[in-house]
Amino acid sequence: MPWNKEFQVPLGLFGLIVVQFFCAVFFIGDVVADYRAMGGFTGGVHFWFEMLAALSLLVTITFEAGLLMRMLRRAAHLQGRLAVTKLAVYDVIEAEFEAWKLSPAEADVASFLVKGFGIAEIATLRGSAEGTVKAHLNAIYRKSGAHSRGDVLSLLIDRLLDEQTN
Amino acid sequence: MKRIFVWDIAVRSFHWLLVIAFAANALVIDDDSKLHNQVGYVVLTLVLLRIVWGFVGRGYARFASFPPSVDGVKEQLTDIATQRRHAHVGHSPLGALMIYNLIASLLVLCLSGYLMTTDMFWGTEWTEELHELAAIWTEASVVMHILAVIFESKRTGVDLPRSMVSGYKDMPEG
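The listed protein sequences correspond, in order, to chains A and B.
Going by our numbering, the final residue of the first sequence carries number 168, and the count climbs one at a time with no gaps.
Going by our numbering, the final residue of the second sequence carries number 370, and the count climbs one at a time with no gaps.
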């Protein structure tokens with residue numbers, strides 16, 4: 003069976019974000035110092051370019067943070083060495099969760115659900131109360147149009163079979 | 197809910213005295229005044245005392261209770277990404293990194309500020325540049341620290357600011 007390379011928590015990306023944040027703070031500090039030194043927006047084009055560059059860096063960092071969160075969720079639901087087939091199955095399931103517009107918490111509960119965990123177990127795994135997990139389950143049912151756990155699984159299996167024939 | 201005593205009186209006093217001294221120097225007091233230097237010495241003393249307390253103190257005040265942990269950071273980042281609610285009794289792994297970052301930044305800030313007052317380095321450019329860089333970095337860290345505390349209080353349901361006042365954390369059961 004072909005194996006995908008080990009799926010890991012993207013710590014390197016987290017480190018890069020920290021480094022970029024340090025740079026952004028340095029550049030923004032520079033912009034603020036220039037502003038103070040000149041006593042207002044009198045620095046002309048160079049000042050505005052400086053500010054634009056610093057702000058773009060901040061915007062990129064927020065996008066990277068979003069990507070990091072996505073990769074973390076993926077790593078959380080796919081641990082260890084993975085067969086390529088399992089990865090493909092997960093891709094379909096993840097796409098379906100996204101189509102249902104599940105929140106990260108709901109998608110987490112749903113993926114535990116698919117793995118066969120009960121409400122009490124999911125509550126322990128997520129460090130939350132059982133009532134909270136039930137609320138997430140209701141949201142999953144509402145968003146997917148399912149009425150029970152079995153229904154949710156049927157929808158997913160249906161989708162997987164569709165994928166096979168396409 | 198289980199009520200656990202986490203922050204002793206030394207840690208809490210250190211925290212709030214540092215808040216007052218740092219905010220005063222960063223926001224209120226004139227940078228070139230004598231008072232700025234004196235408040236700077238107060239900050240340095242507080243940080244050095246905290247470092248000593250990290251070795252001789254008890255419980256969650258000890259550095260040994262929150263060593264930098266790669267696995268811990270991985271777990272906490274995963275919890276954040278999946279909106280899980282696991283709470284930590286002492287410092288969380290990312291919180292611990294912030295504490296070490298703040299202690300190191302404050303040491304650089306205080307030492308570079310002190311060097312600026314010595315005969316040997318008075319008027320040198322690099323001490324002044326270093327002091328300003330350390331100030332900006334520490335201020336940004338403080339802002340991140342406050343935002344992270346608010347975010348983590350919401351995520352875990354444990355009121356972190358209150359625990360730094362009362363010393364107790366109300367931990368969820370289980």
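Cβ atoms here follow ideal geometry from the backbone N, Cα and C, with glycine treated the same way.
For residue 207 of chain B, the closest C-alpha among the options B/347, B/346, B/270, B/256 is that of B/256. Cβ neighbours of residue 354 of chain B within its own chain (closer than 7 Å, five residues either side excluded): 283, 365, 366, 367. Cβ contact annotation for residue 125 of chain A (same chain, cutoff 6 Å, sequence separation greater than five): 132, 135, in chain order. Proximity to residue 17 of chain A across A/67, A/33, A/96, A/164 peaks at A/67, based on C-alpha coordinates. For residue 211 of chain B against residue 360 of chain B, the beta-carbon gap comes to about 6 Å, under 8 Å, which counts as contact. Between residue 110 of chain A and residue 352 of chain B, the C-beta spacing is not below 7 Å.
Scanning the stretch 296-345 of chain B from its first residue to its last, no whole beta strand (DSSP E) run of 3-plus residues comes out. Looking from the CA of residue 285 of chain B, the closest CA among B/356, B/209, B/213 belongs to B/356. Residue environment for residue 142 of chain A: buried (at least 16 other C-beta atoms within 10 angstroms of its C-beta). Flagged as an interface residue toward chain B: residue 27 of chain A, by a C-beta distance shorter than 7 Å. The C-beta of residue 344 of chain B comes no closer than 7 Å to any C-beta of chain A.
Listed along chain A, the residues sitting closer than 8 Å to residue 282 of chain B by beta-carbon distance are 128, 129.
Contact note: residue 274 of chain B reaches chain A through 11, 74, 75, 77, 78, using a C-beta cutoff of 9 Å and chain order. Cβ atoms of residue 215 of chain B and residue 225 of chain B stay farther apart than 8 Å, at about 15 Å.
Rounded to the nearest angstrom, the gap between the Cα atoms of residue 128 of chain A and residue 119 of chain A is 12 Å. If you draw a straight line from the Cα of residue 153 of chain A to the Cα of residue 106 of chain A, it is about 21 Å long. As summarised for the stretch 240-290 of chain B, the continuous alpha helix (DSSP H) elements at least 4 residues long and confined to that stretch are 266-277, given in chain order.
DSSP places residue 124 of chain A in the helix class (H, G or I) of the three-state scheme.
Residue 199 of chain B is bridged by DSSP to B/366. With contacts defined as CB atoms closer than 7 Å, residue 349 of chain B and residue 327 of chain B fail to qualify as a contacting pair. Residues of the same chain with a CB within less than 8 Å of the CB of residue 297 of chain B, apart from the 5 flanking positions on each side, are 337 in chain order. Rounded to whole angstroms, the separation of the alpha carbons of residue 89 of chain A and residue 11 of chain A is 16 Å. For a Cβ distance threshold of 9 Å, residue set 24, 27, 28, 31 of chain A lies close to residue 333 of chain B, ordered along the chain. Residue-level contact check: residue 336 of chain B touches chain A, since one or more beta carbons of chain A fall below 7 Å from its beta carbon. Distance between residue 30 of chain A and residue 323 of chain B, taken at the CA atoms: about 20 Å. Along the stretch 255-274 of chain B, the positions whose C-beta sits under 8 Å from a C-beta of chain A are 266, 269, 270, 273, 274, read in chain order. Residues of chain B whose Cβ lies closer than 8 Å to the Cβ of residue 107 of chain A are, in chain order, 278, 279, 280. Interface criterion not met: the Cβ of residue 40 of chain A is under 7 Å from no Cβ in chain B. Listed along the chain, the chain B residues whose CB falls inside 8 Å of the CB of residue 16 of chain A are 269, 273. Residue 369 of chain B and residue 344 of chain B have their C-alpha atoms some 23 Å from each other. Proximity to residue 115 of chain A across A/103, A/23, A/95 peaks at A/95, based on C-alpha coordinates. In this structure, the beta-carbon distance from residue 301 of chain B to residue 330 of chain B falls below 7 Å. Just so you know, the alpha carbons of residue 157 of chain A and residue 72 of chain A end up roughly 23 Å apart.
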